[in-house]
Amino acid sequence: MSREICVHSWPCSYYLEPEKQWVSGKLLLTSHSLRFAADKTGEALVSFPLSSVIEIKKEASHFVFSSITVLEKDHVKHWFSSLQPSRNVVFSIIEHFWRELLLSPAEVPMPATKGKQLTGLMACSQKRLEETARVLHHQGEQLDSITRGLEKMDSDLDVADRLLTELESPSWWPFSSKLWKMPAESKPKKGTATAGPKALGKEGVVVRIPAVVTQGTGCHVKAGSLTLLVSGLEIHDASSLLMHRFEREDIDDIKVHTPYEISIRQRFIGKPDIAYRLISARMPEALPILEVQFSQKMELLEGALMPKSARMSFPAEKGCTVWQAASGLMDRAVHREPCLASQEAQLLPPQMSEPLVSEGDAQELRQILRKLKSLAMDTETELERQDEALDGITAAVDRTTLTIDKHTRRAKKLT
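Spelled out as structure tokens, the structure:
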């Protein structure tokens with residue numbers, strides 16, 4: 001448990017049943033356990049996994065007010081009181097992690113063979129690359145929509161050019177009626193003008209996770225969810241009602257306090273900032289996507305910089321260090337295992353000397369590597385296409401800017 005990452009800690013008091021007294025200290029929550037450490041000694045007086053909890057309640061009695069009780073499977077009841085900043089905040093966060101642990105599928109223990117470890121790491125890497133490719137695909141759709149918008153703008157500027165030419169022409173010009181009819185003939189159909197944005201109007205939902213939401217610097221929390229879109233972020237309450245939507249360009253900073261807690265802020269001048277703090281047991285799933293979308297706006301605080309050994313102990317967070325871990329295992333498998341295998345073959349009987357990577361694991365690794373190669377090649381092709389699209393958009397914007405400036409000067413001469 002000491003290797004687990006602390007999600008949050010709160011000052012509180014714990015009731016020691018044998019001594020019939022309250023002890024002040026800190027209640028520490030990790031993704032899989034609860035622990036109470038006394039202030040005087042610093043030792044953990046109680047520690048138990050969340051999987052052993054069968055009930056979490058808010059209780060009060062004649063002697064204890066504003067307390068939280070946690071009941072384990074063996075009917076051991078733990079009392080926590082004097083919770084800061086409030087009982088509701090602590091209860092909401094602990095209950096969220098407990099429920100997510102109950103709803104999550106049972107974790108398979110880490111296999112002993114290096115082949116299984118490599119397979120798990122590469123599968124996690126494949127999932128991250130697929131999520132990145134999905135974001136890249138939606139980004140390409142947005143670029144295509146921008147290109148269509150610029151083409152429509154260029155068409156409208158051609159119409160404006162004809163109108164300005166008509167206004168600049170003398171009244172006796174014989175082709176005036178034809179010029180006035182041109183805009184109506186060349187005007188694009190209403191349906192086709194909006195078909196592009198509407199077709200792409202479906203919000204690309206990348207991932208949606210449940211979370212405990214705090215607005216601003218207040219201590220009022222509520223259950224909700226965080227939705228990652230291609231165009232921004234949305235925060236909903238427990239009834240799926242929209243609390244706030246952050247457009248991609250409106251977000252000023254995203255601070256990662258721990259692998260399970262982030263804060264999002266939009267700054268304003270002359271009025272209060274809009275800020276939300278979110279804690280979620282599934283936040284490690286969203287962090288790699290946030291890093292892809294908001295790499296320049298993300299800030300990792302001290303609590304988020306966890307040691308590599310701690311990261312490796314969490315299946316949900318393996319994606320963060322998958323390449324380092326995989327490369328290390330591959331390095332050991334390629335360079336060290338032959339000599340170790342030869343030494344073990346001399347010491348062990350023939351029936352005990354088995355390969356560290358079985359044929360089945362090797363075959364599965366080959367399939368995953370083929371998928372990774374295909375994804376990487378598709379991503380490279382999409383990136384090249386988007387680079388060309390960006391070059392075309394840049395040229396179109398420059399051309400449109402020059403045309404607008406020219407039309408503006410012509411319009412000023414007419415006034």
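The letter at position 398 of the sequence shown is residue 398 when you use our numbering, and the numbering goes up by one with no holes. For each residue, glycine too, the CB sits at the ideal point set by N, CA and C. Quick caveat, the model's predicted, so the values are computed rather than measured.
CB of residue i within 7 Å of CB of residue j, strictly
i, j, result
"leucine 143", "phenylalanine 80", "no"
"serine 13", "tryptophan 22", "yes"
"arginine 277", "threonine 227", "no"
"arginine 35", "serine 47", "yes"
"valine 76", "valine 135", "no"
"leucine 441", "leucine 50", "Since the first residue of the chain shown is 1 and the last is 415, residue 441 is not available in this structure."
"methionine 283", "tyrosine 260", "yes"
"cysteine 219", "serine 66", "no"
"lysine 73", "isoleucine 54", "yes"
"arginine 245", "serine 225", "no"
"alanine 133", "threonine 381", "no"
"threonine 119", "leucine 365", "yes"
"isoleucine 262", "isoleucine 254", "yes"
"glycine 115", "aspartate 387", "no"
"isoleucine 368", "methionine 122", "yes"
"histidine 138", "glycine 204", "yes"
"histidine 78", "valine 89", "no"
"isoleucine 279", "valine 212", "yes"
"valine 221", "serine 92", "yes"
"leucine 164", "arginine 410", "yes"
"leucine 29", "isoleucine 94", "yes"
"leucine 375", "leucine 167", "no"
"histidine 407", "alanine 160", "yes"
Endpoints, the alpha helix (DSSP H) within which residue i is located
i, result
"serine 155", "114-168"
"valine 397", "359-414"
"glutamine 296", "Glutamine 296 -> no alpha helix (DSSP H), and no H or E assigned at all."
"phenylalanine 91", "87-103"
Neighbour flag for residue i against chain C, beta carbons, 7 Å
i, result
"serine 358", "Among the chains in the structure shown there is no chain C, since it carries only a single protein chain."
Distance between beta carbons of residue j and residue i, contact taken as under 8 Å
i, j, result
"phenylalanine 97", "alanine 281", "5 Å"
"leucine 300", "valine 256", "5 Å"
"glutamine 126", "lysine 371", "6 Å"
"threonine 400", "leucine 157", "7 Å"
"isoleucine 251", "lysine 297", "6 Å"
"glycine 42", "arginine 385", "In fact, because the Cβ distance is near 58 Å, the residues do not count as touching under 8 Å."
Limits of the beta strand (DSSP E) - the one that residue i falls within
i, result
"phenylalanine 65", "Unbroken run through phenylalanine 65: none, as it is neither H nor E."
"valine 212", "205-215"
"glycine 232", "232-237"
"tyrosine 14", "6-16"
"glutamine 21", "21-30"
"aspartate 253", "253-258"
"isoleucine 274", "274-279"
"leucine 34", "33-38"
"alanine 223", "221-229"
"lysine 77", "77-81"
"alanine 60", "Alanine 60 -> no beta strand (DSSP E), and no H or E assigned at all."
"serine 263", "261-266"
"leucine 242", "242-247"
"serine 52", "Premise fails: serine 52 is in no beta strand (DSSP E) and is neither H nor E."
Residue i classed as buried or exposed, judged by whether at least 16 other C-beta atoms fall within 10 angstroms
i, result
"serine 104", "exposed"
"alanine 184", "Its pLDDT being 42, under 50, alanine 184 is placed unreliably by the model, and the measurement read from it follows with that caveat. With fewer than 16 Cβ atoms within 10 Å of its Cβ, alanine 184 is classed as exposed."
"valine 397", "exposed"
"histidine 335", "In this prediction, histidine 335 scores a pLDDT of 45, lower than 50, which makes its location untrustworthy; no coordinate-derived value is stated."
"serine 417", "No information on residue 417 is available, as it lies outside the stretch 1 to 415 that the chain covers here."
"lysine 178", "Confidence at lysine 178 is low in this model, with a pLDDT of 48, below 50, so the placement of that residue is unreliable and no value is reported for it."
"proline 272", "exposed"
"proline 288", "buried"
"valine 322", "In this prediction, valine 322 has a pLDDT of 39, which is less than 50 and means its spatial position is unreliable; what the coordinates show is noted afterwards. Classification of valine 322: buried, given that the 10 Å Cβ count is 16 or more."
"glutamate 131", "buried"
"glutamine 117", "buried"
"isoleucine 5", "buried"
"threonine 258", "buried"
"glycine 25", "buried"
"glutamine 84", "exposed"
"leucine 290", "buried"
"isoleucine 404", "exposed"
"glutamine 480", "Residue 480 is absent from the model: the chain starts at 1 and stops at 415."
"proline 210", "buried"
"leucine 31", "Residue identity check: residue 31 is serine in the sequence provided, not leucine. Counting Cβ neighbours within 10 Å, serine 31 comes out buried, since at least 16 surround it."
Closer than 6 Å: residue i CB and nearest the ligand GTP heavy atom
i, result
"phenylalanine 246", "Among the components of this structure there are no ligands whatsoever, and the ligand GTP is therefore not found."
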